[in-house]
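Heads up, the thing below is written out as structure tokens.
In full-length UniProt numbering, the protein residues as written are 1 to 314.
Dropping the structure here:
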């Protein structure tokens, strides 16, 4: 169901000297097994096994990168936090560092029922769809029946049974320890996407070599989404891969670490970022319930890193 977007972009990267590999998760697409939920340990173990296989192939340099949007972006961050051998860089698009406080299921401890229900139904479609006989052969029907017969309860039931920040949500939330990520990271966010706040948190807390960009995009690819303007997304990725996977000194390390799209009426020149004089700091507790599971909500504070606003030349 998501192959069309890769069919559009992978050939371009291949033409620039990279092997692109698309992997169906266990229990989806044309892969064996069953899928019972998001970001499970088995899912991460499978991904690490794939990375190990790739780096050992005769056509591989041993340096591997991951990229993806939304779930795929989550995967990149989560796998990077486990530091598998050979993983040198990730491009994470529209993702979050915190599965509980800033995700499509809960926001600051508040449940998002409509999104929960729609995404649970969406994943039911993915995990119960039949594999393609063209790739799996005559066993496609047996694989499909196994998925239908052994499907678990709707995922929304699991999400609503964990309404506080417990171990279920801490798992695969890189905010639990940002320092675990060692490889290069390129974060891409959209002002119209629900995960743009996570870009700034990660920019403040990651200790690895990171880059970040936030543009005028919804939860869709920055090279062809509506509304625009769009960017040359693939060349941006290529420069990141060249630097981290091939070791090409292309000046990436000399450029601003964080780039933001701002409308012309907002800013007409590049300047160091400073808070407006007189701005007060307000701590807003969005999920303070006075129990052992409570934690402060979002609050505004001075960042630890120098930020640069760059007005794009479009």
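C-beta atoms are modelled at their ideal positions from N, C-alpha and C, and glycine is treated no differently. It should be emphasised that the depicted structure is a prediction, and the values quoted were computed from it without experimental measurement.
Contact under 8 angstroms by Cβ, residue i with residue j
| i | j | result |
| --- | --- | --- |
| residue 179 | residue 97 | no |
| residue 18 | residue 241 | yes |
| residue 198 | residue 95 | yes |
| residue 217 | residue 185 | no |
| residue 109 | residue 102 | no |
| residue 238 | residue 212 | no |
| residue 148 | residue 128 | yes |
| residue 48 | residue 66 | no |
| residue 46 | residue 135 | no |
| residue 60 | residue 54 | yes |
| residue 219 | residue 70 | yes |
| residue 162 | residue 155 | no |
| residue 245 | residue 150 | no |
| residue 224 | residue 231 | no |
Residue from the options whose Cα sits closest to the Cα of residue i
| i | options | result |
| --- | --- | --- |
| residue 26 | 76, 102, 201 and 143 | 143 |
| residue 228 | 243, 261 and 111 | 261 |
| residue 38 | 264, 235 and 73 | 73 |
| residue 194 | 259, 105 and 255 | 105 |
| residue 243 | 69, 63 and 263 | 63 |
| residue 83 | 189, 200, 183 and 192 | 183 |
| residue 258 | 32, 196, 126 and 68 | 196 |
| residue 32 | 192, 41, 155 and 140 | 140 |
| residue 205 | 190, 191 and 181 | 181 |
| residue 91 | 81, 68, 113 and 107 | 68 |
| residue 233 | 214, 132 and 112 | 214 |
| residue 12 | 236, 200, 112 and 176 | 236 |
| residue 41 | 75, 56, 131 and 191 | 75 |
| residue 81 | 176, 253, 189 and 113 | 176 |
| residue 111 | 138, 247, 160 and 133 | 160 |
| residue 146 | 138, 137 and 130 | 130 |
| residue 374 | 200, 167, 201 and 226 | Residue 374 cannot be examined here, being either before or after the span of the chain that is shown, 1 to 314. |
| residue 122 | 16, 15, 2 and 132 | 2 |
| residue 113 | 157, 50, 253 and 249 | 157 |
| residue 190 | 167, 51 and 93 | 93 |
Proximal residues to residue i (C-beta, below 7 angstroms), its chain only, five neighbours per side dropped
| i | result |
| --- | --- |
| residue 8 | none |
| residue 43 | 25 and 26 |
| residue 207 | 178 and 179 |
| residue 5 | 221 |
| residue 99 | 169, 172 and 173 |
Cβ shell of residue i (< 8 angstroms), same chain only, five flanking positions each side left out
| i | result |
| --- | --- |
| residue 10 | 20 and 22 |
| residue 36 | 27 and 152 |
| residue 16 | 238 |
| residue 250 | 239, 242 and 243 |
| residue 316 | With the chain represented from 1 up to 314, any question about residue 316 goes unanswered, as that position is not in the structure. |
Residue i: CB within 7 angstroms of a non-hydrogen atom of the ligand MG
| i | result |
| --- | --- |
| residue 239 | Ligands displayed in this structure: none; no statement on the ligand MG is therefore possible. |
Close-in-space but distant-in-sequence residues of the same chain around residue i (CB under 6 angstroms, 5 per side omitted)
| i | result |
| --- | --- |
| residue 248 | 242 |
| residue 276 | For residue 276, the pLDDT reaches just 47, beneath the cut-off of 50, and the residue's location in the model is therefore unreliable, leaving the point undetermined. |
| residue 280 | The pLDDT assigned to residue 280 is 44, lower than 50, so where the model puts this residue is not dependable; a value taken from the coordinates is nonetheless given after this. Nothing listed; no residue qualifies. |
| residue 132 | 30 |
Completely contained beta strand (DSSP E) runs for the segment 139–191, where each covers 3 or more residues: 184–190
Segment contact, 8 angstroms Cβ cut-off, at least three pairs: the segment 77–92 with the segment 116–129: no
Start-end ranges of the beta strand (DSSP E) lying completely within the segment 18–77, minimum 3 residues: 64–69
3-residue-minimum beta strand (DSSP E) runs that sit fully inside the segment 182–249, ordered along the chain: 184–190 and 210–215
Start-end ranges of the alpha helix (DSSP H) lying completely within the segment 83–141, minimum 4 residues: 113–128 and 133–136
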